[in-house]
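Residue numbers (the numbering used here): -3 to 75. Where a beta carbon is used, it is the ideal one built from N, C-alpha and C, also for glycine. One structure is given here, and the rest of the page talks about it.
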């Protein structure tokens, strides 16, 4: 939960500079960034992900992780 993490967003090809494919939106604890990602409009979440401890969590993984933390429903990704 408190692992350091980065919230990243894919950059549209026309806006990318010198081969950049993503931008760091925020850095902080995994739990904080997971809640931040849940505030992104659902149709835009597909362009975002969280990187933590060498792992990449898609928006779907992140929403499952939040459900696990709040309800105890098993989470299979391994974070």
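A Cβ-Cβ distance of about 7 Å is found for the pair residue 33 and residue 41, placing them in contact under the 8 Å criterion. Residue 52 counts as exposed, since fewer than 16 other beta carbons sit within 10 angstroms of its beta carbon. Contact between residue 19 and residue 5 is confirmed by a C-beta separation of about 6 Å, below the 8 Å threshold. Rounded to whole angstroms, the gap between the alpha carbons of residue 39 and residue 56 is 12 Å. Taking C-beta separations shorter than 6 Å and ignoring five residues to either side along the sequence, the partners of residue 48 in its chain run -1, 1 and 26, following chain order. Here DSSP, grouped into helix, strand and coil, assigns residue 70 to coil.
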